[in-house]
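Visitor:
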Amino acid sequence: MIRLLKWSLMPAFLMAIWLLLNQSLAPGQIVLGAVLGGFGTWVLTALDPPAGKLPRPLAAMRLFLLVVADIVRSNILVARIIWRDSPGRRPGFVRIPLELRSPYGLAALACIITATPGTIWVDFDSESRVLTIHVLSLVEERIWIDTIKGRYERHLREILE
Numbered sequence: 005m006i007r008l009l010k011w012s013l014m015p016a017f018l019m020a021i022w023l024l025l026n027q028s029l030a031p032g033q034i035v036l037g038a039v040l041g042g043f044g045t046w047v048l049t050a051l052d053p054p055a056g057k058l059p060r061p062l063a064a065m066r067l068f069l070l071v072v073a074d075i076v077r078s079n080i081l082v083a084r085i086i087w088r089d090s091p092g093r094r095p096g097f098v099r100i101p102l103e104l105r106s107p108y109g110l111a112a113l114a115c116i117i118t119a120t121p122g123t124i125w126v127d128f129d130s131e132s133r134v135l136t137i138h139v140l141s142l143v144e145e146r147i148w149i150d151t152i153k154g155r156y157e158r159h160l161r162e163i164l165e
C-alpha cells in the first residue's frame, strides 16, 4: 500500500509543479504534466535512495547549520568583492583530494559547494578522487583545501560513512 501511495503521490506532485510553473490549467498542460510526472517518477526510481533513517541526525543538523552560516558569510564577502571591485581579487581553480566515498556524500558536497556564493564545483575525477572547484577570490589554495576537507567532507563522512 505504501509503495502504491509513493507511486501516486510523486507523479501528482510533479504534475502540480508543472502546472504551477506554466501558470495554466489548460487541458494540454494537464496532459503534458501527467506524462512528465509519470516519466519523472520512473526516472527518479533509478536514483535508488538509501532506505531507512539518517544514521546521525545531530551531525546532519550541525552540518546544515554550518552550511547556512557559510552561505550567509559568503554572500556578504562576495557582495563586498563585487561592490568594491577589489583589484587584488584573483579567481582561480583549486584541486582538492577527497577521501569521501559515498555517492550521496559527493552529491551533497556538490550541492554545498555550488550553493555557496563565490564557489562552484567544476570537476571530480573518480579515479584519483580529486575535486576541482573554481573560487571567486583565491588568496591561498591551502585555505580552500582545509575548508572543504575540514568543514564539509569531515561532517559528510561522519554522517554517511
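As numbered in the numbering used here, residues 5 to 165 make up the sequence shown, in order. Where is the CB? At the ideal position from N, CA and C, for every residue including glycine. Values in this document were obtained by computation on a predicted structure and should not be read as measured data.
I need the straight-line Cα distance from Ala73 to Phe97, nearest angstrom please.
Guide: For the purposes of this step, residue 73 is identified with residue 69 of the sequence shown, where counting begins at 1. For the purposes of this step, residue 97 is identified with residue 93 of the sequence shown, where counting begins at 1. Cα to Cα, Ala73 sits roughly 23 Å from Phe97.
Visitor: Would you call the CB atoms of Pro91 and Thr45 closer than 8 Å?
Guide: Working through the sequence shown from its first residue, we reach residue 91 at position 87. Working through the sequence shown from its first residue, we reach residue 45 at position 41. Not a contact, by the Cβ cut-off of 8 Å.
Visitor: Helix, strand or coil: how does DSSP classify Thr120 here?
Guide: Residue mapping note: residue 120 aligns to position 116 of the sequence shown, counting from 1. Residue state, collapsed to three classes: coil.
Visitor: Can you name the residues that DSSP bridges to Asp127?
Guide: Translated into the one-based positions of the sequence shown, residue 127 becomes position 123. Bridge partners of Asp127: Thr136.
Visitor: What number of angstroms, rounded off, separates the C-alpha of Asp127 from the C-alpha of Cys115?
Guide: Mapped onto the sequence shown, residue 127 falls at position 123. Mapped onto the sequence shown, residue 115 falls at position 111. Their backbone Cα atoms lie some 13 Å apart in a straight line.
Visitor: Name the two residues that bound the continuous alpha helix (DSSP H) containing Ile80.
Guide: Residue 80 sits at position 76 when you count from the first residue of the sequence shown. Here the alpha helix (DSSP H) through Ile80 covers Pro61 to Arg88.
Visitor: CB-CB under 7 Å to Ala112, same chain, minus the five flanking residues each way: which ones, in chain order?
Guide: The sequence position of residue 112 within the sequence shown is 108, counting from 1. Counting only Cβ-Cβ distances below 7 Å, and skipping sequence neighbours, we find Leu160.
Visitor: Taking 8 Å as the threshold (C-beta atoms), are Arg94 and Leu48 in contact?
Guide: Within the sequence shown, the letter at position 44 stands for residue 48. Within the sequence shown, the letter at position 90 stands for residue 94. Contact: no.
Visitor: Would Trp183 pass as a contact of Val139 if the rule is Cβ separation under 8 Å?
Guide: Residue 183 is absent from the model: the chain starts at 5 and stops at 165.
Visitor: What is the residue span of the alpha helix (DSSP H) that Ile100 lies within?
Guide: By 1-based counting over the sequence shown, the position of residue 100 is 96. Taken as a continuous stretch (DSSP letters only), Ile100 belongs to no alpha helix (DSSP H), being part of the beta strand (DSSP E) at Gly96 to Pro101.
Visitor: May I have the straight-line CA-CA distance separating Phe68 from Tyr156, to the nearest angstrom?
Guide: Counting from 1 along the sequence shown, the entry for residue 68 is found at position 64. Counting from 1 along the sequence shown, the entry for residue 156 is found at position 152. Spanning the two alpha carbons is a distance of roughly 10 Å.
Visitor: Could you check whether Arg88 and Val134 sit closer than 8 Å to each other, using their CB atoms as the reference points?
Guide: Residue mapping note: residue 134 aligns to position 130 of the sequence shown, counting from 1. Residue mapping note: residue 88 aligns to position 84 of the sequence shown, counting from 1. Against a cut-off of 8 Å, the Cβ pair of Arg88 and Val134 comes out as no contact.
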